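Heads up, the sequence shown is in our numbering, so the first residue is 1 and it goes up one at a time. Data first, discussion second: the structure below is written as structure tokens.
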Amino acid sequence: MDDAKRKFLKQTAIAMTVAGGAVVTIPFISSMRPVQTEQEYLDEHNALVDISDIPPGGMKKMNWLMAWNVVRIITVVRRTEQEISDLHFLQPLLLDPFSQDSKQPSYAQNIHRSLRKDIFVAINSCTHLGCGLTFKPDYAYERYGPDYWRGGFDCPCHGSYFDLAGRVYKGMPAKENLSIPPYHFVAENLIRIGVHPPATQASTEPKA
Ligand code: FES
Numbered sequence: 001m002d003d004a005k006r007k008f009l010k011q012t013a014i015a016m017t018v019a020g021g022a023v024v025t026i027p028f029i030s031s032m033r034p035v036q037t038e039q040e041y042l043d044e045h046n047a048l049v050d051i052s053d054i055p056p057g058g059m060k061k062m063n064w065l066m067a068w069n070v071v072r073i074i075t076v077v078r079r080t081e082q083e084i085s086d087l088h089f090l091q092p093l094l095l096d097p098f099s100q101d102s103k104q105p106s107y108a109q110n111i112h113r114s115l116r117k118d119i120f121v122a123i124n125s126c127t128h129l130g131c132g133l134t135f136k137p138d139y140a141y142e143r144y145g146p147d148y149w150r151g152g153f154d155c156p157c158h159g160s161y162f163d164l165a166g167r168v169y170k171g172m173p174a175k176e177n178l179s180i181p182p183y184h185f186v187a188e189n190l191i192r193i194g195v196h197p198p199a200t201q202a203s204t205e206p207k208a
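What follows is the structure, encoded as structure tokens:
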């Protein structure tokens with residue numbers, strides 16, 4: 001075998017050894033990476049919601065990954081000044097107007113059930129048996145006039161009504177207000193769902 005041929009065979013053998021080592025080593029190194037915890041996974045996938053396109057009186061829905069393989073639909077409403085003031089007017093008609101027996105973070109346990117009076121965030125599932133809700137912002141909804149209805153959510157399954165703070169009316173199959181997820185404002189028109197606000201944001205927001 002001449003020198004050139006010997007050199008070629010040697011270089012080929014070295015290259016194959018290196019490639020073979022990489023095939024074995026790379027998956028091994030990958031397996032050494034720390035396994036992602038559920039919280040890290042959720043932090044990575046937490047929904048950032050741009051609400052700049054929601055007009056006053058309007059609503060937007062999006063999916064939220066609440067836990068491993070658990071997706072919830074979130075509804076965000078931008079309430080008008082009139083709708084905010086109606087929240088007080090409706091109190092006598094509601095089962096739990098101050099949300100004492102309902103599920104929400106402490107910063108949403110106020111009449112508006114929200115961090116900001118104008119922006120309402122809730123899980124769009126009826127608290128009776130979990131049906132998705134229909135947004136009904138109009139005053140003159142069905143047979144009820146403005147003395148009873150000032151906009152809110154209607155459950156198509158068994159007819160529970162909720163106001164624009166997700167508070168259930170008296171006499172409905174549902175007995176709890178809509179659940180409020182953890183969330184905070186990253187910017188004026190940007191919300192992160194799934195993460196509680198920094199203490200300063202939670203404490204500076206209006207109480208009822
Ligand atoms: S699931 Fe909504 S009223 Fe029954």
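C-beta: ideal position from N, C-alpha, C; glycine also. If you're wondering where the values come from, they're calculated on a predicted model, not measured in any experiment.
My output table needs one value for residue i: the three-state DSSP class, helix, strand or coil.
| i | result |
| --- | --- |
| Lys170 | coil |
| Lys207 | Summary for Lys207: the model assigns pLDDT 47, below 50, so the residue's position carries little reliability, and this model does not support an answer. |
| Lys10 | helix |
| Ala199 | helix |
Using only the alpha-carbon positions, how far apart do residue i and residue j sit?
| i | j | result |
| --- | --- | --- |
| Leu164 | Lys136 | 9 Å |
| His158 | Trp68 | 30 Å |
| Pro156 | Asn189 | 30 Å |
| Val77 | Thr200 | 23 Å |
| Thr127 | Ser99 | 13 Å |
| Val49 | Met62 | 8 Å |
| Pro118 | Tyr41 | Sequence inspection shows Asp at residue 118; the Pro mentioned does not correspond to that position. For Asp118 and Tyr41, the distance between alpha carbons rounds to 31 Å. |
| Ile73 | Phe153 | 14 Å |
| Lys175 | Phe162 | 10 Å |
| Tyr148 | Asp53 | 29 Å |
| Gly166 | Arg79 | 12 Å |
| Arg192 | Pro173 | 31 Å |
| Leu94 | Met59 | 22 Å |
| Val70 | Asn46 | 12 Å |
| Ala202 | Leu115 | 7 Å |
| Leu133 | Tyr144 | 18 Å |
| Pro97 | Phe120 | 15 Å |
| Lys207 | Gly130 | Low confidence applies to Lys207: its pLDDT is 47, below 50, so where it sits in the model is not reliable enough to give any reading. |
| Arg150 | Val186 | 30 Å |
| Pro55 | Gly171 | 32 Å |
| Glu44 | Gln109 | 27 Å |
| Gly57 | Glu83 | 8 Å |
| His112 | Met66 | 23 Å |
| Ser125 | Ser160 | 11 Å |
| His184 | Gln11 | 60 Å |
| Glu266 | Gly194 | In the structure as shown, the chain begins at 1 and stops at 208. Residue 266 is therefore absent and cannot be evaluated. |
| Pro198 | Ser85 | 27 Å |
| Val168 | His196 | 24 Å |
Which one or two residues does DSSP pair with residue i in a beta bridge?
| i | result |
| --- | --- |
| Ile191 | Val49, Phe185 |
| Asp154 | Thr134, Tyr161 |
| Ile119 | Arg78 |
| Ser125 | Gly132 |
Kindly examine the ligand ZN and report whether one of its heavy atoms sits closer than 7 Å to the Cβ of residue i.
| i | result |
| --- | --- |
| Gly132 | The ligand ZN is not part of this structure, which contains only the ligand FES. |
Beta-carbon of residue i versus every beta-carbon of chain C: anything under 8 Å?
| i | result |
| --- | --- |
| Ser52 | The structure shown contains no chain C; it is built from a single protein chain. |
Contained beta strand (DSSP E) runs [length at least 3] in the stretch 26 to 112, N- to C-terminal order: 48 to 50, 59 to 67, 70 to 78
Between the stretch 99 to 106 and the stretch 179 to 195, can you find at least three pairs of beta-carbon atoms closer than 8 Å? yes
So does the stretch 84 to 91 actually touch the stretch 36 to 43, counting three or more Cβ pairs closer than 8 Å? no
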